[in-house]
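What the first sequence shows, in this note's numbering, is residues 39 to 662, in sequence order.
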Amino acid sequence: MTRNGVFPESTWKPTRPTRPRYLPPHLRPQNDNAGFLDNVTLTPELTRSRFNSHQPARSTRGRGRGRGPRFAGHRNPNWEDEKFDELEVIDDALEGTNETNNNLEAYEDIPVQASGDNIPPPVATFAEIGLGDGLKKNIRRCNYVKPTPIQRYAIPIAVAGRDLMACAQTGSGKTAAFCFPIISGVLKDPSLVSGRRGGGSGGGSAAVACPLALILAPTRELSCQIFEEAKKFADMTGVKISVAYGGTPIYQQLRSLEKGVDILVATPGRLVDMIERARVSLGMLKYLALDEADRMLDMGFEPQIRKIVEQMDMPPPGTRQTMLFSATFPDDIQRLASDFLSDYIFLAVGRVGSSTDLIVQRVELVQEMDKRSHLLDLLRSQRSNATPHSKHALTLVFVETKRGANELEHWLSRNGFPAIAMHGDKVQMEREQALRSFKSGATPILVATDVASRGLDVPHVAHVINFDMPKNIDDYVHRIGRTGRAGRCGLATAFFSDKNMPLAKSLTELMKESNQEVPSWLVQHAENHSAGGWVRHGGPDFGGYDFRKGTASSSNYNDNYGVPAIDGYHAAASVNAQPFLSSGNFYSDPSVKTGNVDYLYTDAAATPYEYAYGYGSVIASGWD
DNA sequence: AAAAAAG
Numbered sequence: 039m040t041r042n043g044v045f046p047e048s049t050w051k052p053t054r055p056t057r058p059r060y061l062p063p064h065l066r067p068q069n070d071n072a073g074f075l076d077n078v079t080l081t082p083e084l085t086r087s088r089f090n091s092h093q094p095a096r097s098t099r100g101r102g103r104g105r106g107p108r109f110a111g112h113r114n115p116n117w118e119d120e121k122f123d124e125l126e127v128i129d130d131a132l133e134g135t136n137e138t139n140n141n142l143e144a145y146e147d148i149p150v151q152a153s154g155d156n157i158p159p160p161v162a163t164f165a166e167i168g169l170g171d172g173l174k175k176n177i178r179r180c181n182y183v184k185p186t187p188i189q190r191y192a193i194p195i196a197v198a199g200r201d202l203m204a205c206a207q208t209g210s211g212k213t214a215a216f217c218f219p220i221i222s223g224v225l226k227d228p229s230l231v232s233g234r235r236g237g238g239s240g241g242g243s244a245a246v247a248c249p250l251a252l253i254l255a256p257t258r259e260l261s262c263q264i265f266e267e268a269k270k271f272a273d274m275t276g277v278k279i280s281v282a283y284g285g286t287p288i289y290q291q292l293r294s295l296e297k298g299v300d301i302l303v304a305t306p307g308r309l310v311d312m313i314e315r316a317r318v319s320l321g322m323l324k325y326l327a328l329d330e331a332d333r334m335l336d337m338g339f340e341p342q343i344r345k346i347v348e349q350m351d352m353p354p355p356g357t358r359q360t361m362l363f364s365a366t367f368p369d370d371i372q373r374l375a376s377d378f379l380s381d382y383i384f385l386a387v388g389r390v391g392s393s394t395d396l397i398v399q400r401v402e403l404v405q406e407m408d409k410r411s412h413l414l415d416l417l418r419s420q421r422s423n424a425t426p427h428s429k430h431a432l433t434l435v436f437v438e439t440k441r442g443a444n445e446l447e448h449w450l451s452r453n454g455f456p457a458i459a460m461h462g463d464k465v466q467m468e469r470e471q472a473l474r475s476f477k478s479g480a481t482p483i484l485v486a487t488d489v490a491s492r493g494l495d496v497p498h499v500a501h502v503i504n505f506d507m508p509k510n511i512d513d514y515v516h517r518i519g520r521t522g523r524a525g526r527c528g529l530a531t532a533f534f535s536d537k538n539m540p541l542a543k544s545l546t547e548l549m550k551e552s553n554q555e556v557p558s559w560l561v562q563h564a565e566n567h568s569a570g571g572w573v574r575h576g577g578p579d580f581g582g583y584d585f586r587k588g589t590a591s592s593s594n595y596n597d598n599y600g601v602p603a604i605d606g607y608h609a610a611a612s613v614n615a616q617p618f619l620s621s622g623n624f625y626s627d628p629s630v631k632t633g634n635v636d637y638l639y640t641d642a643a644a645t646p647y648e649y650a651y652g653y654g655s656v657i658a659s660g661w662d
C-alpha cells in the first residue's frame, strides 16, 4: 500500500525555489530513496549540497501570510476548504497566527484495530459523547477541538463501562482518553451528590479516603503531570482529585485526602504506604487506570501492582472498570495484564511500532569512546543551524546510568552547552527543578535516565538523542516519543555502538515500519545478529496486537478477512473495502488519521534539523 | 547490570 502521498502537480509551487528542502522519509514518494541514506549527515554544507540534488519536495503548502494556495492532501481531490476555514478560527485563537497547515498525507492508512465482544463504535466529536456539560466546557477551555483517534475509539468504550487495553502512539492524547470517561463517570455517580466517601471527618481520628477512581503511573513526575491535567479537566465540576507519590513529605498529600477524593493519581509505593496507614481504602473503587501499563507490569513493578490490585481491598475485575494504556504492549505483559481485566476490548491505534511518523529517526554508528565528542559535534552543528524558529527548541539526551547522567551533565556544561541531569538518585526537589528548568528553556539540554523516558510531555523537545541505546525496543519507542508530540515534528538520533548489536534487528524492523531510512550497515547487522530470543519480541509485532488473537475467543476475525494475524498493518489496510463493522468482534478503520494533527506544516526544511526544529513552522491545533 | 517505586 502507499503511504507516501504524491500530490497533484498543480498544487505544487515552490515557496522558496532557491532553498533545498528536507523531506522526511515517510513523506517521500516511494522508490525515491536512492542515495538518501548518506544525506542524513550533520555537516550543514554537505547536507545542503546533497539535498540540492534531491528532487523538489512536494511539500505541504503554507497558508496565511499570503503564501499561496493551501493544500488539502491527495485524499481530497476537491479540496475541502470549508473544513479548514472552520478550524482556522480556533487555530487563530490558539496560536495567535493563521499559519495553519496540514500534512494529512502522512496519516494515510493508519490502522485502528479493536477486538473483543460488542465493541462500542467510535465517535467523531466530543460533543456526541454524553460526557456532561461541565466536563465538555473544560474540554473546550483546554482547546481540545476534536478527538484524536485514540480518543475517538477509547472514550466510547470507556463510557460504555467496558474494560480496555489500549495501545496508541506516544503523544497522541492517551491521558485525556482515560481521564474524560473517569471524570464523566464520577460526575454521574450517586455518591457524589449524596455525600462524600471518607474524608471530612471534622476532627478526631482521620477518616479513610475512598476514591472512586485510581490512576497509577510509573514515575513521580508522570503522576504529577496526570494530576495537573486531570485537575484542568475537572475544574469547577466538584470532582476532587488528589495525588500521592514519594520523595516528598506525606503530610500535604494526606491533608488533601482528608478533604475527600474522587480520583486519586498515584505511584505505587506511596499508595501502598497510605493504604497500610489506613488513610486510603480502595473498597469503593469503580475505575482503575494504569498509564504506561506495560511498564507497570514489568519485572520490577509487577509485585507491587499485584499487591495493590489483588491483595488490598480493591473490588475484583468485573465489579470495577479497568483501563490499561501504553504505546507498547508486548504479548507476555498482555498476558499478565489480562488478570486484571474482565471481558475487555483490545484497541490498537496507530502503526505497529507505535512511534509516530512525525519523528525522523537516525542511527549513527559510534564507538563508545567517541560518543562524547560525537555529541559535541552534533550539538555544535545543531547550534550553527539554528533558525529563529528553533530558539526554544529543547534537546533531551538519554543515558544508561545515573552516574553517566551526572558525568555528561558536567561535561556538556564545561564545553559550552548548559545541561542539567535528571535521574532517580536526585532528591525529588532536584528532579522537579531539573524538569522545570528544561521545560522553561533555561537549561535547553536535559540529560536523563529512563526516569524521563515515559509519558512526560514537554512540548518543545525537538531532538531526542539516545546517547546510550536502551536495551529493548519498547524503551526506545517511549524515549523517542518525548519528541514529535501533539502533531509536532521531531528528530531522534541514536548513537549505536557495538554493544547494541542485539538491538539491530528490532530497531531495523521498527524503523522500516515507520518508513525511516535504515542505514545499510544496520540492516547488515540485523541480518547477522538474528537476535533470536534475546530481544523480547523479534518480529515486526512490537506489541500492537491483541495477544488473544488466534485463541478461541477472537479467532474468527482473521478468518473473516483472510488476512494474516501476524501483520496487523496489512490486516487493517486490506479490509479497507469492507463495510465498517461495529457490532462484530473486530473492526478496522484505516481512514483514521493519527495524532491530533489537523494542521501540520513544514516549509522548505533543508535538513532533518530544520524539519524537527520547525523551520517555517509547525503548528498543531487543539492541543496545548 | 540498570532504572523506577516507600522511608
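Beta carbons are placed, not taken as given, at the ideal position from N, Cα and C, and that holds for glycine.
Proximity below 7 Å, CB of residue i to CB of residue j
{"i": "residue 532", "j": "residue 504", "result": "yes"}
{"i": "residue 585", "j": "residue 358", "result": "no"}
{"i": "residue 386", "j": "residue 363", "result": "no"}
{"i": "residue 502", "j": "residue 530", "result": "yes"}
{"i": "residue 221", "j": "residue 265", "result": "no"}
{"i": "residue 260", "j": "residue 519", "result": "no"}
{"i": "residue 365", "j": "residue 515", "result": "yes"}
{"i": "residue 460", "j": "residue 431", "result": "no"}
{"i": "residue 169", "j": "residue 216", "result": "no"}
{"i": "residue 334", "j": "residue 326", "result": "no"}
{"i": "residue 302", "j": "residue 351", "result": "no"}
{"i": "residue 286", "j": "residue 471", "result": "no"}
{"i": "residue 196", "j": "residue 361", "result": "yes"}
Backbone secondary structure at residue i - three-state DSSP
{"i": "residue 384", "result": "strand"}
{"i": "residue 197", "result": "helix"}
{"i": "residue 402", "result": "strand"}
{"i": "residue 213", "result": "helix"}
{"i": "residue 396", "result": "coil"}
{"i": "residue 254", "result": "strand"}
{"i": "residue 207", "result": "coil"}
{"i": "residue 459", "result": "strand"}
{"i": "residue 578", "result": "Unreliable placement is indicated for residue 578, whose pLDDT of 39 sits below 50; no coordinate value is reported for it."}
{"i": "residue 362", "result": "strand"}
{"i": "residue 187", "result": "helix"}
{"i": "residue 485", "result": "strand"}
{"i": "residue 379", "result": "coil"}
{"i": "residue 12", "result": "A query on residue 12 cannot be resolved here, the shown segment of the chain reaching from 39 to 662 and no further."}
{"i": "residue 118", "result": "Low confidence applies to residue 118: its pLDDT is 27, below 50, so where it sits in the model is not reliable, and the reading given next is rough at best. Looking at residue 118 - three-state DSSP - the assignment turns out to be coil, as it is neither helix nor strand."}
{"i": "residue 182", "result": "coil"}
{"i": "residue 327", "result": "strand"}
{"i": "residue 247", "result": "strand"}
{"i": "residue 371", "result": "helix"}
Residue i CB to nearest heavy atom of the ligand COA below 6 Å
{"i": "residue 321", "result": "Ligands in the displayed structure: none, and consequently the ligand COA is not present."}
First through last residue of the alpha helix (DSSP H) which encompasses residue i
{"i": "residue 334", "result": "331-334"}
{"i": "residue 411", "result": "409-422"}
{"i": "residue 347", "result": "340-348"}
{"i": "residue 451", "result": "440-452"}
{"i": "residue 173", "result": "171-179"}
{"i": "residue 428", "result": "It is not in any alpha helix (DSSP H) - residue 428 carries neither H nor E in the DSSP assignment."}
{"i": "residue 566", "result": "558-566"}
Residue i - containing beta strand (DSSP E), residue span
{"i": "residue 471", "result": "Careful: residue 471 lies outside any beta strand (DSSP E), inside the alpha helix (DSSP H) at 466-478."}
{"i": "residue 153", "result": "150-153"}
{"i": "residue 490", "result": "Per DSSP, residue 490 belongs to no beta strand (DSSP E) and is neither H nor E."}
{"i": "residue 435", "result": "432-436"}
Whole-number beta carbon distance between residue j and residue i, since they are thought to touch under 8 Å
{"i": "residue 173", "j": "residue 225", "result": "7 Å"}
{"i": "residue 482", "j": "residue 456", "result": "7 Å"}
{"i": "residue 188", "j": "residue 161", "result": "Not confirmed; about 12 Å, so no contact."}
{"i": "residue 396", "j": "residue 199", "result": "Not confirmed; about 34 Å, so no contact."}
{"i": "residue 355", "j": "residue 323", "result": "The Cβ separation is near 12 Å, so there is no contact."}
{"i": "residue 528", "j": "residue 564", "result": "So it is not a contact: roughly 24 Å between Cβ atoms."}
{"i": "residue 315", "j": "residue 284", "result": "About 14 Å; that fails the 8 Å criterion."}
{"i": "residue 157", "j": "residue 383", "result": "6 Å"}
{"i": "residue 278", "j": "residue 246", "result": "Wrong, their Cβ atoms sit about 15 Å apart, outside the cutoff."}
{"i": "residue 185", "j": "residue 163", "result": "7 Å"}
**Asked** Considering only residues of the stretch 262-324, which uninterrupted beta strand (DSSP E) runs meet the minimum length of 3 residues and lie entirely inside it, listed in chain order?
**Response** Here the runs fully enclosed are 279-282 and 301-304.
**Prompt:** In chain order, which alpha helix (DSSP H) runs of at least 4 residues are fully inside the stretch 493-556?
**Reply:** Fully enclosed alpha helix (DSSP H) runs of 4 or longer: 511-518 and 542-551.
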